[in-house]
Structure formats: C-alpha cells, structure tokens
C-alpha cells in the first residue's frame, strides 16, 4: 500500500478550506492547506468582513448626519476617508491572525504557494515563475479555490478607472462620482457606503429590480430608500460601452432601446463572481466543470474523480 504524506490536502485556505481543515484535524487526520496568498480567502480578506467594517463606518456617518432626529446636535463633524479604509483592513487582519492561530492549534500544516493537481493524489507546489518546488501527496484532496469578481467581456478591470470590489475597498482617495454596474449584494453595499460618505452614486442594473435574486418587496423598498438618499438607480438598463477618459469614465447604456451616457470618476463592476478553476490541473485529470464551477455529487461533494472533492 502506498504511503501518503497527508491524509487530507486542501487546495485553498478560504472559509471552505480552513473550516474543512479544522474538521479533518479534529478527526485525527493529518492535514495540509496550500494557499497562494493569505488564509481567509476572499471573504476574510476582500469580502464579507472588510465590507461590513466599511458599512459600519457608513452607518456611524449616517447617524451623525441625522443626529438631530434623536435630539442631539453635532456641529461641523468630519471624517477621514483614509482612516476609514485603514480600519477596514485592520479588522480583516485581526481575523486572519485568528485563523492562523487555529491552524497552529490544530496542528494543520500550511504551505505557501500555488497548488496544481498533477495526479489523482498529488499536488505540485508552483513558485511565481510556474516551476515546481515540491510535491505533496494525500489520500484525499479537497479543492477550495473560491471565486473572484466577474468582468464584463471586452472591458477589463484596470484597477484605476474600471475596478472590482477589491479596489473599491482600498481606494487611495474618495471619488466624487462613482458608477456601479450590477445591483446585487456587492453593488448595493458599495452604493450605500460611498453615498453616505458623499460620493454621487449611480447604480445600474439590467434586471427590473435591484437585488434581483432577493425578495421583490425588499428590493423595491431598498430602491425607494436609495432614491430618497440621492442614489440614482437605473434598472432595466444594459451597459453597452465603458469608455475611459482622462478624468474618469463614460458609460453608454441602453434603457428600453434609449441610448444615453452616464459619467463618473470610477466604474465599479459588480456583476457577480466566477470560480477560480484555471491552472489547477482539472483538465489534465478530467475533472468535470460547468460555467467556471466544479461539478460534484450531492451527497459528499465528490468530483467525478475518486478521492478528489470540491467545496
């Protein structure tokens, strides 16, 4: 019988990966996580946690602006945008340190590098140049490589004028005008945050309602509140072009076959996510995928290849 270095090897250290690792370790399985960046994945580093920290700041600003409703008078309050961003990053860092501690506490090995499946039970660790630095063998492999922001075809994010939620969290200065394309959870969160801080926000959604996959009554209520607060909401509106200018962006939109332009300093593209499945060896092993996500069974999240699972 072949001897394996680990019982379980997990590709990706996000909420799916590190939670699976802790569970495996508690079951007395020798476990390793391979992560090319920081533990915590998108959620802890660039998603759920830091965005909620930003939203808390927006809530506090809102309370100060409306303090007289509570019988409190606040004269000439101000805020520091840079410190708001810094607080969000610090909130994320604290939780990531907590995850790192949990890995040590549960005696889970953490390998820094990009992992690629090379055999049914083998993962090759690649350096930044794509060269293999070592191989890890395991009885079972769990793929937990997460997702990233989806881009509009032909309009690539440049990180400056056309940005994703990642850049929106760490902008060096507050934009005067922001156009947000996509009114799902990510889009409406940033619309609320930047609007409360004084940025002029235009929110574009191709479906009839913002938050199109949520309860319709809730989405209509939120849309009314957004409009009251000064956010321009354009539903049933498709983006035709995004043109970068010297000072910002001009977005050509189609609403009921009526073409018009929307301008801003920055365009935030928030049209959903796609799976990180490129370059990790799925094709070589014949692991089935569908629309950028890995196909698994309903009972154990097993792929079509024995001993390989996916979150």
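Residue numbers (the working numbering): 5 to 315.
C-beta atoms are modelled at their ideal positions from N, C-alpha and C, and glycine is treated no differently.
Keep in mind that this is a model prediction, so the values were computed, not measured.
TODO: Output the distance between the C-alpha atoms of residue 221 and residue 122, rounded to the nearest integer angstrom.
DONE: For residue 221 and residue 122, the distance between alpha carbons rounds to 49 Å.
- [ ] Could you have a look at residue 35 and say whether DSSP puts it in helix, strand or coil?
- [x] strand
Open item on the list: Taking the beta carbon of residue 105 as the centre, do at least 16 other beta carbons fall within 10 Å, making it buried, or is it exposed?
Closed with: exposed
Task: Supposed contact pair residue 148 and residue 14 - C-beta distance, whole angstroms, cut 8 Å - done: 6 Å
Open item on the list: For residue 264 and residue 238, what's the separation of their Cα atoms in angstroms?
Closed with: 11 Å
Open item on the list: For residue 208, tell me which candidate among 219, 150 and 194 has the shortest Cα-Cα distance.
Closed with: 194
Task: Straight-line gap, residue 71 to residue 77 (C-alpha atoms, nearest Å) - done: 6 Å
Task: For residue 229, three-class secondary structure by DSSP - done: Assignment of residue 229 by DSSP, reduced to helix, strand and coil, places it in the helix class.
Task: Coarse secondary structure for residue 123, derived from DSSP in three states - done: strand
- [ ] Tell me whether the beta-carbon of residue 300 lies closer than 8 Å to the beta-carbon of residue 293.
- [x] No, these two residues do not count as a Cβ contact at 8 Å.
Task: Residue closest to residue 102, alpha-carbon to alpha-carbon, out of 164, 180, 48 and 226 - done: 48
Task: Unbroken alpha helix (DSSP H) run spanning residue 10, endpoints - done: Counting along the chain, residue 10 falls outside any alpha helix (DSSP H), though it belongs to the beta strand (DSSP E) covering 10 to 15.
TODO: Starting from residue 241, follow its DSSP beta bridges and name the residues at the other end.
DONE: 259
- [ ] Look at the alpha carbon of residue 199 and the alpha carbon of residue 243, and state the distance between them as a whole number of angstroms.
- [x] 21 Å
- [ ] Name the one or two DSSP bridge partners that residue 138 has.
- [x] DSSP links residue 138 through a beta bridge to 129.
- [ ] Give a single yes or no on whether residue 103 has its beta carbon closer than 7 Å to a heavy atom of the ligand GDP.
- [x] Although the ligand GDP was asked about, the structure shown includes no ligands whatsoever.
Task: Burial state of residue 227 (16 or more Cβ within 10 Å) - done: buried
TODO: Whole angstroms is fine: what's the gap from residue 34's alpha carbon to residue 285's?
DONE: 23 Å
- [ ] Check the DSSP bridge columns for residue 296 and list the partner residues they point to.
- [x] BP columns for residue 296 are empty, so no partner.
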